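Numbering (the working numbering), first residue to last: -13 to 429.
For each residue, glycine too, the CB sits at the ideal point set by N, CA and C.
Owing to the predicted nature of the structure, the values given are computational and were not obtained by experimental measurement.
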């Protein structure tokens, strides 16, 4: 049978693939430079891992301090700050919530979607939701000239001067046949199914366990006891529970998703990704049952929702002109070409106890060259598919930094179009100056 659906084409100065934190920031920033910008997103809303994956927090905004009583010290501004302010205006975000040795902000994912819509509309970005990229258009074998995508309307062809891969999985980079990698140390962090529980007496919960969302000591011991009883199968012992902007609710980052046979799952393998979704939902119910039986204030708790998709911490990354090293994170390295900063810990989710390695009273910078593919033309990346070693990526992948990456790469794309140059020819100092003019406070 003949497919009678319409085939159609669009043109843009800048094309952004993926509407997560990095994609929204990149698209809005480029559009504000008087460019025609198109954003393609596979879901019916913006938000990426923060919303579809229900990560639920804007991590990476604050410095880390050894003193447990230290007040929050803000580190990241620019587009991230603008987004936070709009969320605050809607009552969609918490104040600083303690997370180990630092702080995070907890958001309402529904309001995240609405704020994302507003940002995109206000800046004039043309958005197509429910649009899945299926191929890349190449010009002369080296230049990425756009993409082919599937829509309900029919096959879509989008051409652009600059394409930004903010897919999270470096999908466009891989489709173009450009160098990518899965993990520089061979280990990929476990996926997670994040969920929210309602019906919680949050005050009693906090009075009992304290205000640190990373639950240690008694809660770890209770999980171990529950597992030893033979009545529970809780594969992760260190869990993170966050009060949300809603009064009787906790956001739960608890699961450690493995295959039915106990093996690590690869989110780039179709069968593994499917199994991760199924196993994730099963684990959510196990933890719900555990909360009701063991945790104060959770006796009447029930699952409100899970992520639209399993949360992916790590999958495929683009090989960049430069690669952020593990040592850069640990030492707090600053770069002439730094276009974003971070003090988020190395947060490795593998094994029963997630590993947190802190950088205190300092921060590191992420170079522009980590977002420029080592080969190919007219392509930039943004978000967690940056070029970084495994432990560095476990720090650099979080939401506040993704806002910062998108902000910077949106400016880089605009410079490339306005100056008619390739992304690798742009002086990173010009990008740094541009985000600083927008209030990033990198200097």
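Taking just the CA atoms, how far does residue j sit from residue i?
{"i": "residue 46", "j": "residue 111", "result": "26 Å"}
{"i": "residue 157", "j": "residue 17", "result": "23 Å"}
{"i": "residue 165", "j": "residue 298", "result": "21 Å"}
{"i": "residue 215", "j": "residue 266", "result": "22 Å"}
{"i": "residue 154", "j": "residue 322", "result": "26 Å"}
{"i": "residue 360", "j": "residue 105", "result": "31 Å"}
{"i": "residue 175", "j": "residue 21", "result": "37 Å"}
{"i": "residue 364", "j": "residue 2", "result": "12 Å"}
{"i": "residue 58", "j": "residue 52", "result": "12 Å"}
{"i": "residue 60", "j": "residue -8", "result": "50 Å"}
{"i": "residue 70", "j": "residue -1", "result": "28 Å"}
{"i": "residue 332", "j": "residue 315", "result": "8 Å"}
{"i": "residue 301", "j": "residue 429", "result": "32 Å"}
{"i": "residue 465", "j": "residue 142", "result": "With the chain represented from -13 up to 429, any question about residue 465 goes unanswered, as that position is not in the structure."}
{"i": "residue 242", "j": "residue 408", "result": "41 Å"}
{"i": "residue 137", "j": "residue 24", "result": "15 Å"}
{"i": "residue 423", "j": "residue 277", "result": "47 Å"}
{"i": "residue 261", "j": "residue 245", "result": "7 Å"}
{"i": "residue 197", "j": "residue 253", "result": "33 Å"}
{"i": "residue 401", "j": "residue 395", "result": "10 Å"}
{"i": "residue 72", "j": "residue 326", "result": "21 Å"}
{"i": "residue 405", "j": "residue 19", "result": "12 Å"}
{"i": "residue 87", "j": "residue 239", "result": "17 Å"}
{"i": "residue 257", "j": "residue 263", "result": "10 Å"}
{"i": "residue 225", "j": "residue 160", "result": "34 Å"}
{"i": "residue 312", "j": "residue 344", "result": "12 Å"}
{"i": "residue 218", "j": "residue 211", "result": "9 Å"}
{"i": "residue 494", "j": "residue 390", "result": "Nothing can be reported for residue 494: it is not among the residues displayed for the chain, which extend from -13 to 429."}
{"i": "residue 370", "j": "residue 34", "result": "11 Å"}
{"i": "residue 330", "j": "residue 347", "result": "11 Å"}
{"i": "residue 183", "j": "residue 283", "result": "11 Å"}
{"i": "residue 29", "j": "residue 120", "result": "15 Å"}
{"i": "residue 127", "j": "residue 374", "result": "26 Å"}
{"i": "residue 305", "j": "residue 368", "result": "12 Å"}
Keeping to the same chain, check which residues put their C-beta closer than 6 Å to that of residue i; ignore five residues upstream and five downstream.
{"i": "residue 471", "result": "Residue 471 lies beyond the residue range present for the chain, which begins at -13 and ends at 429; the question has no answer from this structure."}
{"i": "residue 274", "result": "289"}
{"i": "residue 169", "result": "376"}
{"i": "residue 27", "result": "5, 115"}
{"i": "residue 341", "result": "334"}
{"i": "residue 250", "result": "none"}
{"i": "residue 221", "result": "242"}
{"i": "residue 145", "result": "-3, 131, 132"}
{"i": "residue 393", "result": "11, 15, 64, 65, 421"}
{"i": "residue 259", "result": "253"}
{"i": "residue 425", "result": "63, 64"}
{"i": "residue 117", "result": "26, 135, 137"}
{"i": "residue 286", "result": "185"}
{"i": "residue 203", "result": "none"}
{"i": "residue 384", "result": "45, 46, 330"}
What residues match up with residue i in a beta bridge as DSSP calls it?
{"i": "residue -3", "result": "145"}
{"i": "residue 2", "result": "25, 150"}
{"i": "residue 158", "result": "The partner list for residue 158 (beta bridge, DSSP) is empty, contrary to what the question assumes."}
{"i": "residue 112", "result": "24"}
{"i": "residue 129", "result": "125, 363"}
{"i": "residue 137", "result": "Beta-bridge pairing links residue 137 to no other residue."}
{"i": "residue 50", "result": "346"}
{"i": "residue 63", "result": "Answer by DSSP bridge pairing: none, since residue 63 is not bridged."}
{"i": "residue 84", "result": "89"}
{"i": "residue 374", "result": "310"}
Examine chain C for any beta-carbon lying closer than 8 Å to the beta-carbon of residue i, and answer yes or no.
{"i": "residue 317", "result": "Of the protein chains in this structure there is only one, and it is not chain C."}
In chain order, what residues of the same chain have a beta carbon less than 7 Å from the beta carbon of residue i, not counting five sequence neighbours either side?
{"i": "residue 208", "result": "280"}
{"i": "residue 430", "result": "Past the boundaries of the shown model lies residue 430; the chain is included only from -13 to 429, so the question cannot be answered."}
{"i": "residue 307", "result": "355, 358, 360, 410"}
{"i": "residue 195", "result": "201, 205"}
{"i": "residue 436", "result": "Beyond the ends of the chain as shown, which are -13 and 429, falls residue 436; an answer cannot be given."}
{"i": "residue 140", "result": "-9, -8, -7, -6"}
{"i": "residue 412", "result": "398, 401, 402"}
{"i": "residue 270", "result": "179, 181, 241, 289, 292"}
{"i": "residue 199", "result": "83, 84, 85, 226, 227, 228"}
{"i": "residue 109", "result": "14, 17, 18"}
{"i": "residue 427", "result": "63"}
Does the distance between the C-beta of residue i and the nearest non-hydrogen atom of the ligand GTP fall short of 7 Å?
{"i": "residue 206", "result": "Here there are no bound small molecules, and the ligand GTP is not part of this structure."}
Near residue i, which residues of its chain fall below 8 Å by C-beta distance, leaving aside the five closest residues on each side in sequence?
{"i": "residue 162", "result": "122, 124, 130, 362, 365"}
Decide if the segment 72 to 89 is in contact with the segment 365 to 385; the criterion is three or more beta carbon pairs, one per stretch, under 8 Å apart. Under the Cβ criterion (8 Å, minimum of three pairs), the segment 72 to 89 does not count as touching the segment 365 to 385.
Is it a yes or a no for the segment 2 to 11 touching the segment 131 to 150, going by three-plus beta-carbon pairs under 8 Å? yes
Every unbroken alpha helix (DSSP H) inside the segment 288 to 370 [4 residues or more]: 312 to 317
In chain order, what are the residue ranges of uninterrupted beta strand (DSSP E) at least 3 long that sit wholly in the segment 222 to 273? 225 to 229, 236 to 239
Would the segment 408 to 421 count as touching the segment 87 to 96 if we require 3 or more Cβ pairs under 8 Å? no
Taking only runs of the beta strand (DSSP E) that begin and end inside the segment 160 to 194, which ones reach a length of at least 3 residues, in chain order? With a minimum length of 3 residues, the continuous beta strand (DSSP E) runs that stay inside the segment 160 to 194 are 181 to 184.
Would you check if the segment 228 to 241 and the segment 174 to 188 touch, i.e. whether three or more CB-CB distances between them fall below 8 Å? Touching, yes, given that three or more Cβ pairs across the two stretches are closer than 8 Å.
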